[in-house]
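Enquirer: First the structure, which I've put down as structure tokens, then a few questions once you've had a look.
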Amino acid sequence: MNNWRDIDIDALEGEYMTPEELVPNIPPVSAAQVSQSAQEAKQAMASGQWLQALQVVLSNPPYVTDSPQVKEQHAQTVFDVLVAVRNNSGPQDLGPKFIQQLTPDQQDTLIKYLYKNMSTPYGAKQGGVLLAWFEKTIEITGVGSIVRFMSDRRTV
Numbered sequence: 001m002n003n004w005r006d007i008d009i010d011a012l013e014g015e016y017m018t019p020e021e022l023v024p025n026i027p028p029v030s031a032a033q034v035s036q037s038a039q040e041a042k043q044a045m046a047s048g049q050w051l052q053a054l055q056v057v058l059s060n061p062p063y064v065t066d067s068p069q070v071k072e073q074h075a076q077t078v079f080d081v082l083v084a085v086r087n088n089s090g091p092q093d094l095g096p097k098f099i100q101q102l103t104p105d106q107q108d109t110l111i112k113y114l115y116k117n118m119s120t121p122y123g124a125k126q127g128g129v130l131l132a133w134f135e136k137t138i139e140i141t142g143v144g145s146i147v148r149f150m151s152d153r154r155t156v
């Protein structure tokens, strides 16, 4: 190595050096599947099955899609479910009635959507609702879900 200034630093960037086994093999989710899950969640909410609506939207998040609008549409659906659940139950009920009933994967996905929705204009208007969900989720899951959110390559 005669001249260290000739090293291509960009080639050493993490994006370019990711081993294939670290990239999650996730099947793509279509816009039709996202619309179907939104419809199922709306039907569950209309019949008062709030937990089922929450489980539907958190079970199959669109990590891989054809367009970013699909992810945005699903994030909006998750937000609508969170607001509806919060408005129809007390803040003290979020933990025992809803968050504890979710699987650990669903709880981690919930954290991802809370962070995503906090960065949107509609999420900023309903920040108190999202913070109530965040507080109760962290009480139950601990900070591990935050660490998993920050280190996961799958984005919502």
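Residue 3 in the UniProt record's numbering sits at position 3 of the sequence shown; the count goes up by one each step and never skips.
Even for Gly, the Cβ is constructed at its ideal location relative to N, Cα and C.
Keep in mind that this is a model prediction, so the values were computed, not measured.
Under 8 Å between the Cβ atoms of residue 62 and residue 83?
Expert: no
Enquirer: Look up residue 64 in the DSSP assignment and say whether it is helix, strand or coil.
Expert: coil
Enquirer: Tell me the rounded alpha-carbon separation between residue 65 and residue 37.
Expert: 15 Å
Enquirer: Taking 7 Å as the limit between beta carbons, can you name the residues of its chain near residue 104, skipping five residues before and five after?
Expert: none
Enquirer: Sorted by chain position, which residues of the same chain lie with C-beta nearer than 8 Å to residue 156's C-beta, five sequence neighbours on each side aside?
Expert: Close CB contacts of residue 156 within its chain, under the 8 Å cut and outside five residues either way in sequence, are with 61, 62, 63, 71, 74, 75, 109, 112, 113 and 116 (chain order).
Enquirer: Excluding the 5 residues preceding and the 5 following residue 141 in the sequence, name in chain order all residues of the same chain whose CB lies nearer than 7 Å to its CB.
Expert: 107
Enquirer: Give the single residue among 92, 146, 34 and 102 whose Cα lies nearest to the Cα of residue 129.
Expert: 92
Enquirer: Helix, strand or coil: how does DSSP classify residue 90 here?
Expert: Three-state result, residue 90: coil.
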